[in-house]
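A.B. asks:
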Amino acid sequence: LEVPEDLKLRDLNTILKLADYLRGQIPAEATSAVQSGTAVSSPATAAGPDVLATVKAIIAEQTGYTTDMLEDELDLEADLGIDTVKQVEIFGKVSENFSLEVPEDLKLRDLNTIAKLADYIERQILSGDTATEAPATSPVASTAKPAPAVAAVPIDGPVKRLIVNTVAAEPAPATAQRMTDQTILITTVDKRYASIMAEKVVSRGGRTIIAGNYDGADIPCNWQNLQQVKTVLTHLKDTGDRIDGVIHLVPLERYGDASSMDRDHIDGGLKSFFLLIQGLFDQLNRPGTFIAMPSIYSTVFPYRENCGTIDPLMAGLTGMLKTVNKELPETRVKVVDFAESDPLAAMEALTETFLDEVLSGDPRVECGYANGNKWVLQLVPRAPEDEAQFVHDGDTLLVTGGARGITFEILKELVTSVKVKLVILGRSNLDDLDPALTDPAIDAAAIMAQLKTTMPDAKPIAIKQALNHTLSLRASTANLDVLRTLGATVDYHAVDVTDAAAVASVVAEVGSLDGVLHAAGIEESQFIPKKTMASFNRVFDTKVFGLLNLMTALSDTPARYLMTFSSVTARLGNEGQVDYTAANDMIGKMLQQYRRIHPATIVKIYDWTAWEGAGMATNETVNKVLKERGLTFLPLKAGVAHFLRELGDTATTEVLFSGFDHAFDADGLLTSGEVKPATVSAPFIDHLVEETDDVKIFSRTLDLKRDLFLLDHSRE
Numbered sequence: 019l020e021v022p023e024d025l026k027l028r029d030l031n032t033i034l035k036l037a038d039y040l041r042g043q044i045p046a047e048a049t050s051a052v053q054s055g056t057a058v059s060s061p062a063t064a065a066g067p068d069v070l071a072t073v074k075a076i077i078a079e080q081t082g083y084t085t086d087m088l089e090d091e092l093d094l095e096a097d098l099g100i101d102t103v104k105q106v107e108i109f110g111k112v113s114e115n116f117s118l119e120v121p122e123d124l125k126l127r128d129l130n131t132i133a134k135l136a137d138y139i140e141r142q143i144l145s146g147d148t149a150t151e152a153p154a155t156s157p158v159a160s161t162a163k164p165a166p167a168v169a170a171v172p173i174d175g176p177v178k179r180l181i182v183n184t185v186a187a188e189p190a191p192a193t194a195q196r197m198t199d200q201t202i203l204i205t206t207v208d209k210r211y212a213s214i215m216a217e218k219v220v221s222r223g224g225r226t227i228i229a230g231n232y233d234g235a236d237i238p239c240n241w242q243n244l245q246q247v248k249t250v251l252t253h254l255k256d257t258g259d260r261i262d263g264v265i266h267l268v269p270l271e272r273y274g275d276a277s278s279m280d281r282d283h284i285d286g287g288l289k290s291f292f293l294l295i296q297g298l299f300d301q302l303n304r305p306g307t308f309i310a311m312p313s314i315y316s317t318v319f320p321y322r323e324n325c326g327t328i329d330p331l332m333a334g335l336t337g338m339l340k341t342v343n344k345e346l347p348e349t350r351v352k353v354v355d356f357a358e359s360d361p362l363a364a365m366e367a368l369t370e371t372f373l374d375e376v377l378s379g380d381p382r383v384e385c386g387y388a389n390g391n392k393w394v395l396q397l398v399p400r401a402p403e404d405e406a407q408f409v410h411d412g413d414t415l416l417v418t419g420g421a422r423g424i425t426f427e428i429l430k431e432l433v434t435s436v437k438v439k440l441v442i443l444g445r446s447n448l449d450d451l452d453p454a455l456t457d458p459a460i461d462a463a464a465i466m467a468q469l470k471t472t473m474p475d476a477k478p479i480a481i482k483q484a485l486n487h488t489l490s491l492r493a494s495t496a497n498l499d500v501l502r503t504l505g506a507t508v509d510y511h512a513v514d515v516t517d518a519a520a521v522a523s524v525v526a527e528v529g530s531l532d533g534v535l536h537a538a539g540i541e542e543s544q545f546i547p548k549k550t551m552a553s554f555n556r557v558f559d560t561k562v563f564g565l566l567n568l569m570t571a572l573s574d575t576p577a578r579y580l581m582t583f584s585s586v587t588a589r590l591g592n593e594g595q596v597d598y599t600a601a602n603d604m605i606g607k608m609l610q611q612y613r614r615i616h617p618a619t620i621v622k623i624y625d626w627t628a629w630e631g632a633g634m635a636t637n638e639t640v641n642k643v644l645k646e647r648g649l650t651f652l653p654l655k656a657g658v659a660h661f662l663r664e665l666g667d668t669a670t671t672e673v674l675f676s677g678f679d680h681a682f683d684a685d686g687l688l689t690s691g692e693v694k695p696a697t698v699s700a701p702f703i704d705h706l707v708e709e710t711d712d713v714k715i716f717s718r719t720l721d722l723k724r725d726l727f728l729l730d731h732s733r734e
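Residue numbers (my numbering): 19 to 734.
(1) According to DSSP, is residue 536 part of a helix, a strand, or is it coil?
(2) Using only the alpha-carbon positions, how far apart do residue 126 and residue 44 sit?
(3) Cβ atoms of residue 539 and residue 570: under 8 Å apart, would you say?
(4) Which residue's Cα is closest to the Cα of residue 19: 421, 117, 182, 236?
(5) Helix, strand or coil: how does DSSP classify residue 304 here?
(6) Any idea if residue 281 is buried or exposed, counting beta-carbon neighbours within 10 angstroms, 16 or more meaning buried?
(7) Output yes or no for whether 8 Å exceeds the beta carbon distance between residue 600 and residue 338.
(8) On the DSSP bridge assignment, give the partners of residue 321 in chain order.
(9) Would you kindly report the start and end of the unbroken alpha helix (DSSP H) that includes residue 296?
(10) Ends of the beta strand (DSSP E) at residue 354?
(11) Tell me the rounded alpha-carbon separation between residue 716 and residue 651.
(12) Have a look at residue 37 and residue 129 and give me their C-alpha separation to the nearest angstrom.
(13) Between residue 375 and the rest of its own chain, which residues show a CB-CB distance below 7 Å, the 5 nearest in sequence each way excluded?
(14) For residue 725, which of helix, strand or coil comes out of DSSP?
(15) From residue 729 to residue 431, what does the alpha carbon distance come to, in whole angstroms?
(16) Straight-line CA distance for residue 326 to residue 479?
(17) Below 8 Å, can you find three or more Cβ-Cβ pairs linking the segment 250-269 to the segment 303-314?
(18) On the DSSP letters alone, give me the boundaries of the beta strand (DSSP E) that residue 511 sits inside.
(19) For the pair the segment 669-685 and the segment 615-626, tell me if three or more CB-CB distances fall below 8 Å.
(20) State the DSSP-derived secondary structure class of residue 598, mapped to helix, strand or coil.
(21) Spell out the partners DSSP gives residue 18 in its beta bridges.
(22) To test your reading of the DSSP string, which unbroken alpha helix (DSSP H) runs of 4 or more residues are found completely within the segment 637-666?
(23) Taking the alpha-carbon of residue 749 as reference, which of 663, 659, 679, 310 has the nearest alpha-carbon?
(24) Rounded to the nearest angstrom, what separates residue 239 and residue 196 at their Cα positions?
(25) Hey, does residue 365 have any beta-carbon neighbour from chain D nearer than 8 Å?
(26) Compute the beta-carbon to beta-carbon distance between residue 179 and residue 320, rounded to the nearest angstrom, for a pair I have assumed lies under 8 Å.
(27) Taking the straight line between their C-alpha atoms, what separation do you get for residue 450 and residue 475?
(28) Looking at residue 291 and residue 346, is the spacing between their C-beta atoms short of 8 Å?
(29) Span of the beta strand (DSSP E) holding residue 4?
(30) By Cβ distance, which residues of its chain are closer than 7 Å to residue 515, with the 5 residues on each side in sequence left out?
(31) Tell me the start and end of each unbroken alpha helix (DSSP H) in the segment 384-455 that is at least 4 residues and wholly inside, in chain order.
(32) At what residue ranges does the segment 544-591 contain a whole run of the beta strand (DSSP E), taking only runs of 3 or more?
(33) Considering only the beta carbon of each residue, do residue 244 and residue 285 sit closer than 8 Å?
(34) Within its chain, find whatever has a CB closer than 6 Å to the CB of residue 29; leave out the 5 residues flanking it on each side and keep chain order.
(35) Below 6 Å CB to CB, which residues in the same chain sit around residue 237 once its five sequence neighbours on both sides are set aside?
(36) Would residue 207 and residue 272 be called neighbours here (beta carbons separated by less than 8 Å)?
Listed below in structure tokens is the structure:
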């Protein structure tokens, strides 16, 4: 079958709908030949039950389910957990099997069960829509950029160590740019701020609707109550108001409470705003619209000297908006950071600059203003400092999420050189593992067969989840044993890091901690319109509240070093990861603010790109999508080496590891810009020691682990 470029997989979201669609694509001669008993060369051999059986067999091969689990009426996504990318793949396989044409107006959402898919296939067989050319690949693969070949690379490979710089930019022109006939929604909790912003919008020809928690607001709304966001959306729908722009003032108005990182603060400033944008998504998805927010000392200025108090919530919103910017490409998305400790006193001038910037046409999401000067961010290659490692023999290191994935691979290497006591927190209770399933010789198919017996009434997706849970328990148990055999003392605690009391209890039980590595994270990619609040909370809370609970538990006795794993998505954004980008940007600023309060604590924020061979990107769908978008993956050994080298650099708080993946870089951060070549890392240079007009002196520390050529000159 041909697969059309405009195929809508959401219309074929069950096995039945997919089979039903394909039934209509199978060539008529194949059907008549089958009915007459004549052999044909087409792969299509029968309609009816045989088509259904073929569809089930292909789905089973692609998902790991057994065919007896694939009941006809099961929904592909809800009951089987088959995401959209995998549905494309399955549809391509089924179409190829039956040599079917795929019509341009196909709606995969209409083929959302196995029965509908099979029924569609039969109809296509009867219609005779055969493919005239070789079957196409899936729409995702055919329209995306080819994935780069990724091989094992040394530490100085295509993935670079980058730091965040600020560079001067041309300010927005201070002209009375117009907002004629535009309706702007302003979110607020403080009438004083909103009144000034509304006045400036009206002076530029716009109309305002103020949604806020004070008497006289156009739409009453307590932003801390997430349910009240629905009343705002309902009001706008009932009145027929079409929103052309959204200005989020709530975080600015609460800047004085920046140190209060409780759930109400986060719900009122961030999660409610996500629900608002989600509700307005279709309405804002057109040219001429904008979403904007002013911030204070929290997005651009943390990377400059003499930064004021950082509000991590503003950074979380900025991370979220970088993803909004990519999912709403026609909408201008803007965060303007101000170096202004008293925003209310400066609100008149701040608002003028803010609106000038929003209307300026500058496509960058982030920028900052200080004394009329505009600053933007830039990612610059830079080698780490080579100092003594700050992780010492005998240290007690608490790690979240360290039993599997990237973190385990790092710990495995770390404990070979440093004898530490590891306190590992993980969500899984390892005692839940059935002793009969600990034998690695028992494969996944055998475990699934046993689960089908013990869970007779469960849906296939529940059985698949139980299988994955069993496999993860088995892997975690084996990994902890590996760490112990390498000489580490390992204490494992089954603790959900979002449970503040449980985290505090473990920290109190352990006593003094030398270091903390917060590496726990969850990936549940989904585009904004389909992202549920429950999923948003799982992803966001694990990172943000997990780190907050750790810092709270350490409040009386700060650790000597505090590290967290973030992501380059915090800087660049990424489609389908609105919660993940928000959380990663926020935890980075949480640690930057922590260091302002506790300057003696060494703080390290690792913004990783996707790893090859470990971590979240081993998820088949995530890996496929990222490669097709052109992402440079970080080889496992190189990533571990980067982490270990970073333990000797106490000067750099936040560091990124990424390729120059310009397709992801909507704001143009990945450029060398005005940085002098002397400061850019070269293969044999660590850092610049001295520079005059005539002389440059560089330092390089030779190390057998990275300078493998040294072994070529060894005598023994």
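Cβ atoms here follow ideal geometry from the backbone N, Cα and C, with glycine treated the same way.
From a predicted model like this one, the values you see are computed outputs, not experimental measurements.
C.D. replies: Answer, in terms of the structure:
(1) Along the sequence shown, one-based indexing puts residue 536 at 518. Assignment of residue 536 by DSSP, reduced to helix, strand and coil, places it in the strand class.
(2) Taking the first residue of the sequence shown as position 1, residue 126 is located at position 108. Taking the first residue of the sequence shown as position 1, residue 44 is located at position 26. The C-alpha of residue 44 is placed about 16 Å away from the C-alpha of residue 126.
(3) The count along the sequence shown starts at 1 and reaches residue 570 at position 552. The count along the sequence shown starts at 1 and reaches residue 539 at position 521. Taking 8 Å as the cut-off, the beta carbon of residue 570 is found no closer than this to the beta carbon of residue 539.
(4) Locating residue 19 in the sequence shown gives position 1, where the first residue counts as 1. For residue 19, the closest C-alpha among the options 421, 117, 182, 236 is that of 117.
(5) Here residue 304 refers to the residue found at position 286 of the sequence shown. In this structure, DSSP gives residue 304 a state outside helix and strand, which the three-state scheme calls coil.
(6) Taking the sequence shown and counting its residues from 1, the one referred to as residue 281 is at position 263. Counting Cβ neighbours within 10 Å, residue 281 comes out exposed, since fewer than 16 surround it.
(7) The residue you call residue 600 lines up with position 582 of the sequence shown. The residue you call residue 338 lines up with position 320 of the sequence shown. Here residue 600 is near residue 338, since their CB atoms are less than 8 Å apart.
(8) Translated into the one-based positions of the sequence shown, residue 321 becomes position 303. Beta-bridge partners of residue 321 (DSSP): none assigned.
(9) As a position in the sequence shown, residue 296 is number 278, starting the count at 1. Secondary structure note for residue 296: its alpha helix (DSSP H) is the uninterrupted segment 290-297.
(10) As a working mapping, residue 354 is identified with position 336 in the sequence shown. That run of the beta strand (DSSP E) goes 350-356.
(11) Taking the sequence shown and counting its residues from 1, the one referred to as residue 716 is at position 698. Taking the sequence shown and counting its residues from 1, the one referred to as residue 651 is at position 633. C-alpha separation (whole angstroms): 30 Å.
(12) Within the sequence shown, numbered from 1, the residue matching residue 37 stands at position 19. Within the sequence shown, numbered from 1, the residue matching residue 129 stands at position 111. Straight-line Cα distance between these residues: approximately 7 Å.
(13) On the sequence shown, residue 375 is found 357 positions in, with the first residue counted as 1. Only 190, 352, 354, 385 meet the Cβ criterion.
(14) Residue mapping note: residue 725 aligns to position 707 of the sequence shown, counting from 1. It is coil, neither helix nor strand.
(15) Position 711 of the sequence shown holds residue 729. Position 413 of the sequence shown holds residue 431. Approximately 21 Å between the Cα atoms of the pair.
(16) Stepping through the sequence shown from its first residue, residue 326 is reached at position 308. Stepping through the sequence shown from its first residue, residue 479 is reached at position 461. Those two C-alpha atoms are separated by around 49 Å.
(17) By the Cβ criterion, the segment 250-269 is in contact with the segment 303-314, since at least three pairs of Cβ atoms, one from each stretch, lie closer than 8 Å.
(18) As a working mapping, residue 511 is identified with position 493 in the sequence shown. For residue 511, the uninterrupted beta strand (DSSP E) segment begins and ends at 507-512.
(19) Yes: the two stretches touch, three or more of their Cβ pairs being nearer than 8 Å.
(20) Start at 1 with the first residue of the sequence shown, and residue 598 comes out as number 580. In the three-state reduction of the DSSP assignment, residue 598 falls in the helix class, which pools H, G and I.
(21) Because the chain in this structure spans residues 19 to 734, residue 18 falls outside the shown range and cannot be described.
(22) Whole alpha helix (DSSP H) segments, 4+ residues: 638-646, 654-664.
(23) Within the shown structure, residues of the chain are numbered from 19 to 734, placing residue 749 beyond reach of any answer.
(24) In the sequence shown, counting from the first residue as 1, residue 239 sits at position 221. In the sequence shown, counting from the first residue as 1, residue 196 sits at position 178. Near 28 Å, if we compare the C-alpha coordinates of residue 196 and residue 239.
(25) As a matter of chain content, chain D is missing from the structure shown, which is built from one protein chain.
(26) Looking up residue 179 in the sequence shown gives position 161. Looking up residue 320 in the sequence shown gives position 302. Contact doesn't hold; Cβ gap of about 19 Å is too wide.
(27) For the purposes of this step, residue 450 is taken as residue 432 along the sequence shown, with counting starting at 1. For the purposes of this step, residue 475 is taken as residue 457 along the sequence shown, with counting starting at 1. Taking the straight line from one Cα to the other gives about 21 Å.
(28) Locating residue 346 in the sequence shown gives position 328, where the first residue counts as 1. Locating residue 291 in the sequence shown gives position 273, where the first residue counts as 1. The Cβ atoms of residue 346 and residue 291 lie no closer than 8 Å to each other.
(29) The structure shown does not extend to residue 4, since the chain spans only 19 to 734, so no value can be given for it.
(30) For the purposes of this step, residue 515 is taken as residue 497 along the sequence shown, with counting starting at 1. For residue 515, where only same-chain residues beyond five positions count, the Cβ hits under 7 Å are 418, 443, 521, 538, 560, 564, 567.
(31) Counting only runs of 4 or more, we get 423-435.
(32) The qualifying runs are 579-585.
(33) Here residue 244 refers to the residue found at position 226 when the sequence shown is read from its first residue. Here residue 285 refers to the residue found at position 267 when the sequence shown is read from its first residue. Yes, they are a contact pair.
(34) As a working mapping, residue 29 is identified with position 11 in the sequence shown. Closer than 6 Å at Cβ, skipping near neighbours: 125, 126, 127, 128.
(35) Sequence index remark: in the sequence shown, residue 237 carries index 219 (1-based). Here the set comprises 229, 250, 253.
(36) What you label residue 207 is simply residue 189 of the sequence shown in a count that begins at 1. What you label residue 272 is simply residue 254 of the sequence shown in a count that begins at 1. The answer is yes: Cβ separation under 8 Å.
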